[in-house]
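Residue numbers (the numbering used here): 86 to 612. Built from N, CA and C at the ideal position, the CB exists for glycine as well. Have a look at the structure below, then the notes.
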């Protein structure tokens, strides 16, 4: 369909399947599932390895969301919110008095209690088959014995070297005091010790290993008492029915509702199933814009008060009726709220599936490490705001607005697709496009990965524009400009456009996966 097609890696089979952003993470998932572990064990193993070999994307100092499909139980999938809360020292007024209008993106105020490991415990205790000592084994071996530095790791560490070198966990990552080079082997001995503490139990990790280090790193905005509180909660997933499927995602404080709402609105615009049609592109863009303009105003921790009924039929129908495919709609400005992320998916031999996303947020996160533990602390606290009285205002015990939003798709209760991506604001935009291409545009996995992508940048700014891959048809873009879209052409196959990771499951149980050429996505299936 597109003239500049490039080779894609594909995999099909009936055995365990895994797709992650790194070959070693995928290998760990397959290793554990091939030794009797299930999809949950495989996902935790992949996550632990990803945080070890690609700390610019995620790690035990970050947060985690996951959906788990159980073939014997069908719908709804189990839904885990393991995003951390602000510490006892959180005080928005102090930042306002210091002259801040938005949350800092670095430093102590940007850190919330890391939820990742509580998420591992919750997943393993409810669904896991293998002990954590075995599941974390691949990550511990790599941390102790070494691994080859990837291009993304080398570039991220070089870009942040000045700040990172001031941190106690930095020395193993900076051989001879310099950023690691592509292909060079490095070890992470501090992290290996930390992962062993995870095996010993929650108190060993959160209180013994980190109970002094995190309070010191955060200027005691987070206390040992804050760390004693479990961050993982099983919650009810949100869903919509579109294109004959049911799409499931994580509820607020996650932005997952944007994917569901955008897909519902797009389906009901009844545009032709033709990716070359300007109506198709206009419909997708406007469906997303109709919901996303108020995200920062509406989204917050439900424990601070019930959020708006963001998937209510009254809201969806109202936004649908305001869309005019012949012109770009004007939506009210929303007060702005004040990354590095890794998505991975697994399906085991029995049909259990996990859609897991884990993050340090802005690349290396806060730029702070928890002493000599190998734990780099995320900066999800940057998702709060400083608006007095707002339910997303930075206060103790609150969870911030979160971009992490994995999905699972089912059809009549049967697993159909496990789908996710990284990308902050871009996550629901990319997931909406992929879901539409597969289930309305009629594309297969490979053509969906090759299809040109778009994202809206600066959605709440007068400088808002639609960024498109250079490969997009110029005539189509001219048509969109005539409808009022501000178009900016950017590079093709850039990492910012992905990776999209997905595993489709046919009615006979065949699993299929295709790599995203924009990032070195690693996929594997056995059997």
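Check                                                                                                                                                                       : Outcome
Of all the alpha helix (DSSP H) runs that stay within the bounds of the stretch 513 to 562, which reach a length of 4 or more residues?                                     : 530 to 535
Which residue comes first and which comes last in the beta strand (DSSP E) that contains residue 155?                                                                       : 148 to 155
Starting from residue 309, trace the beta strand (DSSP E) both ways and give me its first and last residue.                                                                 : Premise fails: residue 309 lies in the alpha helix (DSSP H), 309 to 312, not in any beta strand (DSSP E).
Beta strand (DSSP E) containing residue 613: first to last residue?                                                                                                         : The structure shown does not extend to residue 613, since the chain is modelled only from 86 through 612, so no value can be given for it.
Go through its chain and collect everything with a Cβ distance to residue 189's Cβ below 6 Å, but skip five positions before and after it.                                  : 195
If you draw a straight line from the alpha carbon of residue 442 to that of residue 488, how long is it in whole angstroms?                                                 : 10 Å
Within the stretch 300 to 347, note down every full alpha helix (DSSP H) run reaching 4 residues or more, in order along the chain.                                         : 309 to 312
For residue 498, collect the residues of the same chain with a Cβ closer than 7 Å to its Cβ; drop the 5 residues on either side in sequence, then sort them by chain order. : 159 and 160
Between 213, 256, 208 and 267, which lies nearest to residue 239 when the distance is taken from Cα to Cα?                                                                  : 267
Please tell me whether residue 148 and residue 213 are closer than 8 Å, where the distance is taken between their beta carbons.                                             : no
Counting pairs of Cβ atoms below 8 Å between the stretch 460 to 475 and the stretch 545 to 555, do you hit three or more?                                                   : no
Go ahead and pull the three-state DSSP assignment for residue 351.                                                                                                          : helix
Note down the Cα distance separating residue 281 from residue 486, rounded to an integer number of angstroms.                                                               : 31 Å
According to DSSP, is residue 413 helix, strand or coil?                                                                                                                    : coil
Can you tell me the Cα-Cα spacing of residue 521 and residue 365, whole angstroms?                                                                                          : 10 Å
In whole angstroms, what separates the C-alpha of residue 573 from that of residue 606?                                                                                     : 26 Å
What number of angstroms, rounded off, separates the C-alpha of residue 447 from the C-alpha of residue 245?                                                                : 11 Å
Taking its Cβ as the centre, do 16 or more other Cβ atoms sit within 10 Å of residue 236, making it buried, or is it exposed?                                               : exposed
Classify residue 462 as buried or exposed, calling it buried when 16 or more other Cβ atoms lie within 10 Å of its own Cβ.                                                  : buried
With residue 502 as the anchor, note down where its beta strand (DSSP E) starts and where it stops.                                                                         : 499 to 506
Suppose you measure from the CA of residue 320 to the CA of residue 153; what does that come to, to the nearest Å?                                                          : 12 Å
Starting from residue 212, follow the alpha helix (DSSP H) in both directions and report where the run begins and ends.                                                     : 201 to 212
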